[in-house]
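J.:
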Amino acid sequence: MEDSLGPDSAPSVPIDKNKVFAIKPLRCLVPIFPSQGGASSSATQQSPFAFVAPTGPFPPGAAQFFPFVAPSESHRQGGSAPNPPNNEKPYAIPSPVPLNSFRTPAPAPAPPPADNGAKLTTRRSSKNITPYDDGYTQSDGYENGFTIDTEDSSDAIKRKRKIRKTVKGAQAVAVSSSEVDIDPLVNHLLKSFQLLDIDTMLQADSNHELVQRVVLVYNLLRRKITQLDDAKGVIPGISRRADLRAGTILMNKGARVNTKRRVGSVPGVDIGDVFFFRMELCLVGLHAPIMAGIDYLSFKVSGDEEPIAVSIVSSGGYEDEEDDGEVIIYSGQGGVQRSDKLLMDQKLERGNLALEKSLHRGNEVRVVRGLKDVASATGKVYVYDGLYKIHESWIEKGKSGCNVFKYKLIRVSGQPEGFLLWKSIQQWRDGVTTRVGVILPDLTSGAENLPICLVNDVDSEKGPAYFTYSPSLKYAKPYGSSKSLSCRCSNGCQPATTCPCVEKNNGYLPYSSGGILLSHNLIVHECGPSCLCPPSCRNRVSQTGLKLRLEVFKTKNKGWGLRSWDPVRAGAFICEYAGEVITGNAIDSDDNYVFDAGRVFEPLELVPTDEPVKIPFPLVVSAKNKGNVGRFMNHSCSPNVYWQPIMRENEEESYLHIGLYAIKHIAPLQELTFDYGIPRGEKKGLVKKKCLCESSKCRGFFY
DNA sequence: TAGTATCAGAGGTAT
DNA sequence: ACCTCTGATACTAGA
Numbered sequence: 026m027e028d029s030l031g032p033d034s035a036p037s038v039p040i041d042k043n044k045v046f047a048i049k050p051l052r053c054l055v056p057i058f059p060s061q062g063g064a065s066s067s068a069t070q071q072s073p074f075a076f077v078a079p080t081g082p083f084p085p086g087a088a089q090f091f092p093f094v095a096p097s098e099s100h101r102q103g104g105s106a107p108n109p110p111n112n113e114k115p116y117a118i119p120s121p122v123p124l125n126s127f128r129t130p131a132p133a134p135a136p137p138p139a140d141n142g143a144k145l146t147t148r149r150s151s152k153n154i155t156p157y158d159d160g161y162t163q164s165d166g167y168e169n170g171f172t173i174d175t176e177d178s179s180d181a182i183k184r185k186r187k188i189r190k191t192v193k194g195a196q197a198v199a200v201s202s203s204e205v206d207i208d209p210l211v212n213h214l215l216k217s218f219q220l221l222d223i224d225t226m227l228q229a230d231s232n233h234e235l236v237q238r239v240v241l242v243y244n245l246l247r248r249k250i251t252q253l254d255d256a257k258g259v260i261p262g263i264s265r266r267a268d269l270r271a272g273t274i275l276m277n278k279g280a281r282v283n284t285k286r287r288v289g290s291v292p293g294v295d296i297g298d299v300f301f302f303r304m305e306l307c308l309v310g311l312h313a314p315i316m317a318g319i320d321y322l323s324f325k326v327s328g329d330e331e332p333i334a335v336s337i338v339s340s341g342g343y344e345d346e347e348d349d350g351e352v353i354i355y356s357g358q359g360g361v362q363r364s365d366k367l368l369m370d371q372k373l374e375r376g377n378l379a380l381e382k383s384l385h386r387g388n389e390v391r392v393v394r395g396l397k398d399v400a401s402a403t404g405k406v407y408v409y410d411g412l413y414k415i416h417e418s419w420i421e422k423g424k425s426g427c428n429v430f431k432y433k434l435i436r437v438s439g440q441p442e443g444f445l446l447w448k449s450i451q452q453w454r455d456g457v458t459t460r461v462g463v464i465l466p467d468l469t470s471g472a473e474n475l476p477i478c479l480v481n482d483v484d485s486e487k488g489p490a491y492f493t494y495s496p497s498l499k500y501a502k503p504y505g506s507s508k509s510l511s512c513r514c515s516n517g518c519q520p521a522t523t524c525p526c527v528e529k530n531n532g533y534l535p536y537s538s539g540g541i542l543l544s545h546n547l548i549v550h551e552c553g554p555s556c557l558c559p560p561s562c563r564n565r566v567s568q569t570g571l572k573l574r575l576e577v578f579k580t581k582n583k584g585w586g587l588r589s590w591d592p593v594r595a596g597a598f599i600c601e602y603a604g605e606v607i608t609g610n611a612i613d614s615d616d617n618y619v620f621d622a623g624r625v626f627e628p629l630e631l632v633p634t635d636e637p638v639k640i641p642f643p644l645v646v647s648a649k650n651k652g653n654v655g656r657f658m659n660h661s662c663s664p665n666v667y668w669q670p671i672m673r674e675n676e677e678e679s680y681l682h683i684g685l686y687a688i689k690h691i692a693p694l695q696e697l698t699f700d701y702g703i704p705r706g707e708k709k710g711l712v713k714k715k716c717l718c719e720s721s722k723c724r725g726f727f728y
């Protein structure tokens, strides 16, 4: 067809202005001017930098939350007088069901029915187990009385011990800060996201939202710890594993879900969900061991302890053979794995034994696929691929001549597409298959460093209305004057230095070494044109082009939209909102592609307002005639993307840009959306659009 | 730049 | 105490 999707292939498909694209995306951003003329100039009063809480349970405007700046004082009101917290509870959780309460023993529901003579019991140690679990009704209950007793005490001890351990560790390490300093921040996070007393707040069903929230909070915390660590510089002997520390903190605080092992799917975790850290799998109850690939539980069958496998992570660490997407040949564990060589025979114990038993028992095993994250140098992605069954097992001689257990798993049919989708995407990427509905392999005609596919597989529309593709924001004149210093970091700006660019960001670099935004900021100060650092500087994330393979696609009922082939990490830069900066009152009233930073945005969970908003706003951008992919991003009341102002300046001039970043992890091909905000004051001539975001928090309209 | 070696880790199980 | 399909970093090989 249209030959390959390579970056260079695009120009072969020139855009014909006259014939293409009669239809406008539904995306409608209509400009609005502050009514009394006051609002625009008084941006300092009502923060324009408030964003919607992605999954936040609080109602609009109710809970302002700014933990990342001066956590100790973060309870002070923000700029705009937050409502009393208990005003209203539009998202009140019905009938609290204790999922995993250690403190409040409740009458025990009958244990799950045993299947063919197998009698469920707890293991001697302590755990409640629910091998054949169909949800909370059984799993969240308790075992019989005597079990509860032992469980209560042993778990309490466990917890205590854990806490003691943490404290001791912190002292030993002599980083007085770490856990201690971070504690208020953590508490604030948990409070804002209603994860403080998760045991009693759990909903009985549909807790996908809750699972998302846990992962979201984990990542906010992890990124913040990373940033704090960065600022301290490298201290030999001190762990840099922010992923583990953030996880430990949440574990100890009980901010986790589905703590009980179970066979089968995990409530709130959907096939295709993506994770980026093993700790996340643990926190949501998908796979408990933090390193091991096989998770299992034991119960008694006619007197004998018998383990069965409940989940595996297939990461290619052993000599697994790859498959067609529905079959996995999985290697057992053990044998002392040393850089792809086995030093001794594997034994039929632990996970291996569990897999063997599961083969005979025929129970379903959850499969998590660990893959390389294309957008990250060293990172991995974990995709939940649904349930599999073990069909065969055998022993093989590995490369080094040692015995390896092998298990053949086949995916249970009738489940939604999981990993298979990833394979398809890979094939599109490689140009192996021709994809249905591709209109243009690259609608940017090579203007971006990555092609952006235009695709319609729902109807016959041939594309959006014509516009000129422009990857960056066009200023007629500089946004403002500046006396800002430029840096001289020839190797790129580094944290824990006195580089002026670090200073501008309050002593922190806003991005991780992997280009992930580490915290929410009033404004991100990136390096400017006269900084001496190279383009690869990690403080130039928004200036170095697209990192994700995006595509513009026809949605079912919202016109054209934007999505990514690659999985997106929380905090990842997606794209700029490019276009032409509009000054004065020059906004065309039927311009549906206006981004107006002066609108009111629902508060995002993490916006520091301790420091007064000083940025001379508003910034208004029109992408009607000129723009980039950002113009295709639709509105949602439960968005997965938010925007951040980015300042780039040199000695004389400053330029403000709008960066779009992922709020949470986003699986491939999920639509990217952000909150368009609500115009201030009178909505002169503005047409209220019906919102089709289908979120439970949908306002019903947008502008 | 990509591979590899290194190593401290964490929760969990087993003893 | 022991186990482990982590993950960040420092290092090496290579083109």
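Numbers in my numbering are just positions in the first sequence, counted from 1, shifted up by 25.
Think of the CB as a built atom: it goes at the ideal place given N, C-alpha and C, for glycine as much as any other residue.
Exposed or buried, Leu368, counting other C-beta atoms within 10 Å across all chains shown (16 or more means buried)?
T.: To locate residue 368, count along the first sequence from 1; it is residue 343. The residue in question, Leu368, is exposed, as its Cβ has fewer than 16 Cβ neighbours within 10 Å.
J.: Are the stretch 556-574 and the stretch 276-296 in contact at 8 Å, needing three or more beta carbon pairs?
T.: no
J.: Can you tell me which of the three DSSP states Gly350 falls into?
T.: Working through the first sequence from its first residue, we reach residue 350 at position 325. Gly350 falls in the coil class under three-state DSSP.
J.: Round the Cβ separation of Asn530 and His550 to the nearest angstrom and send it over; I've been treating them as touching at under 8 Å.
T.: Position 505 of the first sequence, counted from the start, is the residue given in the question as residue 530. Position 525 of the first sequence, counted from the start, is the residue given in the question as residue 550. Indeed they touch by this definition, with Cβ atoms about 5 Å apart.
J.: Look at the Cβ atom of Thr399, then the Cβ atom of Tyr409, and state whether they are nearer than 8 Å.
T.: In the first sequence, residue 399 corresponds to position 374, counting from 1. In the first sequence, residue 409 corresponds to position 384, counting from 1. Note on residue identity: the sequence assigns Val, not Thr, to residue 399. Cβ atoms of Val399 and Tyr409: not closer than 8 Å.
J.: On the three-state DSSP scale, how would you describe Asn388?
T.: Mapped onto the first sequence, residue 388 falls at position 363. Three-state result, Asn388: coil.
J.: One question on the structure: do Ala603 and Gly553 come within less than 8 Å of each other, judged by their Cβ atoms?
T.: Counting from one through the first sequence, the residue named residue 603 turns up at place 578. Counting from one through the first sequence, the residue named residue 553 turns up at place 528. Contact flag unset, no.
J.: Along the alpha helix (DSSP H) that carries Tyr243, what are the first and last residues, could you check?
T.: For the purposes of this step, residue 243 is taken as the residue at position 218 of the first sequence. Run containing Tyr243: 233-257, per the alpha helix (DSSP H) assignment.
J.: Given Glu330, which residues of its chain have a CB within under 6 Å of its CB, disregarding the five upstream and five downstream residues?
T.: For this step, residue 330 is matched to residue 305 along the first sequence. Excluding positions up to five away in sequence, the list reads Ser323.
J.: Over what stretch of residues does the beta strand (DSSP E) that includes Trp668 continue unbroken?
T.: For this step, residue 668 is matched to residue 643 along the first sequence. That run of the beta strand (DSSP E) goes 666-674.
J.: Taking the beta strand (DSSP E) that Ile420 belongs to, which residues open and close that run?
T.: In the first sequence, the residue the question calls residue 420 occupies position 395. Unbroken beta strand (DSSP E) run through Ile420: 405-422.
J.: Do Cys514 and Leu534 have their C-beta atoms closer together than 8 Å?
T.: Position 489 of the first sequence, counted from the start, is the residue given in the question as residue 514. Position 509 of the first sequence, counted from the start, is the residue given in the question as residue 534. No; because the gap between Cβ atoms is not below 8 Å, this pair is not in contact.
J.: Per DSSP, Tyr680 forms a beta bridge with which residues?
T.: Here residue 680 refers to the residue found at position 655 when the first sequence is read from its first residue. DSSP output for Tyr680 lists Arg673 as bridge partner(s).
J.: Name the one or two DSSP bridge partners that Leu578 has.
T.: What you label residue 578 is simply residue 553 of the first sequence in a count that begins at 1. A small correction: the amino acid at residue 578 is Phe; Leu does not occupy that position in the sequence shown. For Phe578, which the question treats as bridged, DSSP gives the partners Val480, Gly586.
J.: Going by other Cβ atoms of all chains shown within 10 Å of its Cβ, with 16 needed for buried, is Phe492 buried or exposed?
T.: Translated into positions along the first sequence, residue 492 becomes position 467. Label assigned to Phe492: buried.
J.: I'd like to check one pair, Pro503 with Ser679: are the Cβ atoms closer than 8 Å?
T.: Taking the first residue of the first sequence as 1, we reach residue 679 at position 654. Taking the first residue of the first sequence as 1, we reach residue 503 at position 478. Yes, they are a contact pair.
J.: Within the same chain, show all residues whose beta-carbon is closer than 7 Å to that of Ala267, passing over the 5 residues directly before and after it, in chain order.
T.: As a first step, residue 267 must be located in the first sequence, where it is residue number 242. Correct list, in chain order: Arg247, Ile250, Thr251, Asp254.
J.: Would you call the CB atoms of Leu685 and Ile599 closer than 8 Å?
T.: In the first sequence, residue 685 corresponds to position 660, counting from 1. In the first sequence, residue 599 corresponds to position 574, counting from 1. A contact, by the Cβ cut-off of 8 Å.
J.: Please confirm whether Phe657 and Val577 have their CB atoms less than 8 Å apart.
T.: Residue mapping note: residue 657 aligns to position 632 of the first sequence, counting from 1. Residue mapping note: residue 577 aligns to position 552 of the first sequence, counting from 1. A contact, by the Cβ cut-off of 8 Å.
J.: Could you tell me the alpha carbon to alpha carbon distance between Asp621 and Ile691, rounded to whole angstroms?
T.: Numbered from 1 along the first sequence, position 596 holds the residue referred to as residue 621. Numbered from 1 along the first sequence, position 666 holds the residue referred to as residue 691. Near 25 Å, if we compare the C-alpha coordinates of Ile691 and Asp621.
J.: Since Lys649 and Ser495 are thought to touch, with beta carbons under 8 Å apart, how far apart are those beta carbons, to the nearest angstrom?
T.: As a position in the first sequence, residue 649 is number 624, starting the count at 1. As a position in the first sequence, residue 495 is number 470, starting the count at 1. Not a contact, Cβ separation roughly 12 Å.
J.: Note down the Cα distance separating Arg458 from Pro592, rounded to an integer number of angstroms.
T.: In the first sequence, counting from the first residue as 1, residue 458 sits at position 433. In the first sequence, counting from the first residue as 1, residue 592 sits at position 567. In the sequence as displayed, the identity of residue 458 is Thr instead of Arg. Taking the straight line from one Cα to the other gives about 20 Å.
J.: Identify, in the order they occur along the chain, each residue of the same chain with its Cβ nearer than 8 Å to the Cβ of Ser339, setting aside the five sequence neighbours on each side.
T.: Position 314 of the first sequence, counted from the start, is the residue given in the question as residue 339. Here the set comprises Gly318, Asp345, Ile353, Tyr355, Val392, Val393, Arg394, Gly395.
J.: Using DSSP with H/G/I as helix, E/B as strand and the rest coil, what is Lys572?
T.: Here residue 572 is taken as the residue at index 547 of the first sequence, counted from 1. It is coil, neither helix nor strand.
J.: Opposite Ile703 in the DSSP bridges: which residues?
T.: Position 678 of the first sequence holds residue 703. Its beta-bridge partners are Val625.
J.: In or out: Lys581 buried (at least 16 other Cβ within 10 Å) or exposed?
T.: Along the first sequence, read from residue 1 onward, the residue named residue 581 stands at position 556. Around the Cβ of Lys581, a 10 Å sphere holds fewer than 16 other Cβ atoms; the residue is exposed.
J.: Taking Ser449 as part of the alpha helix (DSSP H), name the residues at either end of that continuous run.
T.: Counted from its first residue, the first sequence places residue 449 at position 424. Here the alpha helix (DSSP H) through Ser449 covers 444-455.
J.: Express the C-alpha separation of Val437 and Ala687 in angstroms, rounding to a whole number.
T.: Counting from one through the first sequence, the residue named residue 687 turns up at place 662. Counting from one through the first sequence, the residue named residue 437 turns up at place 412. A straight line joining the alpha-carbon of Ala687 with that of Val437 spans about 32 Å.
J.: Reducing DSSP to helix, strand and coil, say where Arg724 ends up.
T.: Taking the first residue of the first sequence as position 1, residue 724 is located at position 699. In the structure shown, Arg724 sits in coil (DSSP, three-state: anything other than H, G, I, E or B).
J.: Measuring CA to CA, which of Glu473, Leu498, Ile464, Leu468 is closest to Glu486?
T.: Looking up residue 486 in the first sequence gives position 461. Comparing alpha carbon positions, the residue from Glu473, Leu498, Ile464, Leu468 closest to Glu486 is Ile464.
J.: Which complete beta strand (DSSP E) runs does the stretch 480-567 hold, if anything under 3 residues is left out?
T.: 549-551
J.: On the DSSP bridge list, what partners appear for Ser339?
T.: The residue you call residue 339 lines up with position 314 of the first sequence. DSSP lists Arg394 as partners of Ser339.
J.: Buried or exposed for Gln237, going by 16 or more other Cβ atoms inside 10 Å?
T.: Numbered from its first residue, the first sequence carries residue 237 at position 212. Under this definition Gln237 is a buried residue.
J.: According to DSSP, is Lys649 part of a helix, a strand, or is it coil?
T.: Within the first sequence, the letter at position 624 stands for residue 649. Correct three-state label for Lys649: coil.
J.: Pop quiz: Val461 and Asp482 are said to be a contact at Cβ under 8 Å. What is the actual Cβ separation, rounded to whole angstroms?
T.: In the first sequence, the residue the question calls residue 461 occupies position 436. In the first sequence, the residue the question calls residue 482 occupies position 457. Separation of the CB atoms of Val461 and Asp482 is rounded to 5 Å, and the pair is thereby assigned contact status at 8 Å.
J.: When the Cα atoms are used, what is the spatial distance from Gly702 to Leu681?
T.: Taking the first sequence and counting its residues from 1, the one referred to as residue 702 is at position 677. Taking the first sequence and counting its residues from 1, the one referred to as residue 681 is at position 656. Each residue's alpha carbon lies about 19 Å from the other.
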